[in-house]
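Inspection log for the structure reproduced underneath, given as structure tokens.
Structure, rendered in structure tokens:
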């Protein structure tokens, strides 16, 4: 790692950072709304984005700086086991093709801004809606923190901020500046800012990966040498080579399946989805988003390249930035670092907006100020988005980076427990609202307790997301085990509650709402001012 600052790379990085900052502020004038004081406009971009804008926005949302840094870092540290991210992004698109258009239709029909809005409307339960909202916020916070970790990794490799003995304020000043800029343009432009910046971010990432996958293997003697070097490393370490053993295969498979089920439960994924202008846009995107999976597969190979290139880092998150620093000319290393940095700004903005919308709609409006006007909602959401980013920044600056990663893994376990209420509710009203709440509680408690008991070389608790599967004896993804328990409890309790005729909430939706499109008569985009039929 360089002791000094890489001036050329830093200059290129700053150029692109200034460019996207200007775009972030100018985005407020892009597709300017007649009424800016509504969550539809600030938080969902006016629900006006077409196929390509939605594609770039979802790509920028799902394939983050954390993806860019952590997926090849997992390959660098664990071999082929780190490839689980590739099959799960392949599994997820046929899955979302079945339910995202239905969610878009009913949300557009009733003006739902969040998944909790839908859950409240479908099951007539503010309590269940609150559970989904709190889970979404808790799962999103460490995810935002990891985007800042991605920026910090790039800054460290460029030599910005000084050494370990440098005053903490000077060391973290570049990150503080990046955070301040992100907070400012998100506040002023809302979802339009990351939607516009996503074009630059994804273009840079595709260019960097295309160059890396050709240029670096040529310098390292070809893929035969790269794979041979990686295999030698993992054989010497006692892990048996590139491919995981039988026990590792259970972990790999359950982690891939559980991650696929969880990905579109995250609030930021739904926020980007609901910003599109028609259900057909959603259907088209589920067919072209797999292009990102191809990119991810190529990106993952950088982990093997880092091994072959002899990259040695104590923090695995620095492996890929360091690979770029070592292998690329300084100016192109700057382009690669900019791709990672901007790859952090886009999802961090969307995530903070999504978490703010959940708080505003499903905590502030439902429980604190039911008569809040659209302008008040928008103001509260803007302020909350700032607080969410401040919380993430404090988390990054105050805790070890490994802790941030493991809490993000815990967030994945948590968010998966909202699947029965959201996806189940899109297809059936059979589940009882109290049963869904009970299943959610069991899944959350089991998942948290099981994760608490997992140790790692650096942590006594919350050291990973895999543990023994009860009744099977194999090591698997805790989130998927918790999800199975969640569903079992929900089904059993539903039978019991229906047998004793426990009261149902009021369903404000009807079957035709789930196939409605933007041009259909009677479709509205404002949530009704009162939900009189709802109950806890």
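Residue numbers (this note's numbering): 552 to 1087. Ideal Cβ positions, reconstructed from N, Cα and C, are used throughout, including at glycine.
Per-residue burial, residue i [other beta carbons within 10 Å of its own, 16 or more giving buried]
i, result
"residue 741", "buried"
"residue 920", "exposed"
"residue 679", "buried"
"residue 686", "buried"
"residue 1052", "exposed"
"residue 773", "exposed"
"residue 707", "buried"
"residue 940", "buried"
"residue 819", "buried"
"residue 788", "exposed"
"residue 812", "buried"
"residue 924", "exposed"
"residue 693", "buried"
"residue 1003", "exposed"
"residue 1013", "buried"
"residue 865", "exposed"
"residue 777", "buried"
"residue 645", "exposed"
"residue 982", "buried"
"residue 838", "exposed"
"residue 1079", "At residue 1079, the pLDDT of 43 sits below 50, so the modelled position is not reliable; the number obtained from the coordinates is stated separately. It counts as exposed."
Three-state class that DSSP yields for residue i in the structure shown
i, result
"residue 1028", "strand"
"residue 1018", "strand"
"residue 829", "coil"
"residue 820", "helix"
"residue 740", "helix"
"residue 567", "helix"
"residue 982", "coil"
"residue 561", "helix"
"residue 923", "coil"
"residue 815", "coil"
"residue 852", "coil"
"residue 691", "helix"
"residue 865", "coil"
"residue 725", "helix"
"residue 916", "helix"
"residue 800", "helix"
"residue 1054", "coil"
"residue 592", "helix"
"residue 614", "coil"
Nearest-angstrom Cβ-Cβ length linking residue i and residue j, presumed shorter than 8 Å
i, j, result
"residue 966", "residue 1033", "Between residue 1033 and residue 966 the Cβ distance is about 11 Å, and since that is not below 8 Å, they are no contact."
"residue 1067", "residue 656", "5 Å"
"residue 1027", "residue 1020", "4 Å"
"residue 895", "residue 666", "Between residue 666 and residue 895 the Cβ distance is about 24 Å, and since that is not below 8 Å, they are no contact."
"residue 781", "residue 630", "7 Å"
"residue 623", "residue 814", "Wrong, their Cβ atoms sit about 19 Å apart, outside the cutoff."
"residue 909", "residue 688", "6 Å"
"residue 748", "residue 893", "7 Å"
"residue 817", "residue 691", "7 Å"
"residue 593", "residue 844", "Not a contact, Cβ separation roughly 31 Å."
"residue 878", "residue 767", "5 Å"
"residue 701", "residue 897", "Wrong, their Cβ atoms sit about 11 Å apart, outside the cutoff."
"residue 823", "residue 608", "5 Å"
"residue 857", "residue 870", "5 Å"
"residue 1018", "residue 1005", "6 Å"
"residue 571", "residue 746", "With 8 Å as the limit, residue 571 and residue 746 do not qualify as a contact, their Cβ atoms being about 12 Å apart."
"residue 672", "residue 1060", "6 Å"
Cα-Cα separation, residue i to residue j
i, j, result
"residue 710", "residue 557", "7 Å"
"residue 907", "residue 938", "9 Å"
"residue 649", "residue 942", "35 Å"
"residue 805", "residue 626", "18 Å"
"residue 985", "residue 968", "14 Å"
"residue 658", "residue 683", "16 Å"
"residue 977", "residue 1065", "8 Å"
"residue 760", "residue 850", "6 Å"
"residue 677", "residue 913", "8 Å"
"residue 560", "residue 703", "15 Å"
"residue 739", "residue 731", "12 Å"
"residue 1039", "residue 867", "38 Å"
"residue 876", "residue 970", "41 Å"
"residue 652", "residue 944", "35 Å"
"residue 1084", "residue 668", "At residue 1084, the pLDDT of 37 sits below 50, so the modelled position is not reliable; the number obtained from the coordinates is stated separately. Computed Cα separation, rounded: 14 Å."
"residue 830", "residue 1069", "8 Å"
"residue 568", "residue 886", "11 Å"
"residue 573", "residue 994", "44 Å"
"residue 801", "residue 1055", "39 Å"
"residue 1025", "residue 793", "20 Å"
Proximity test, Cβ basis, 7 Å: residue i and chain D
i, result
"residue 593", "Chain labels in this structure do not include chain D; a single protein chain is all it has."
Bridge partners - residue i, DSSP secondary structure assignment
i, result
"residue 600", "827"
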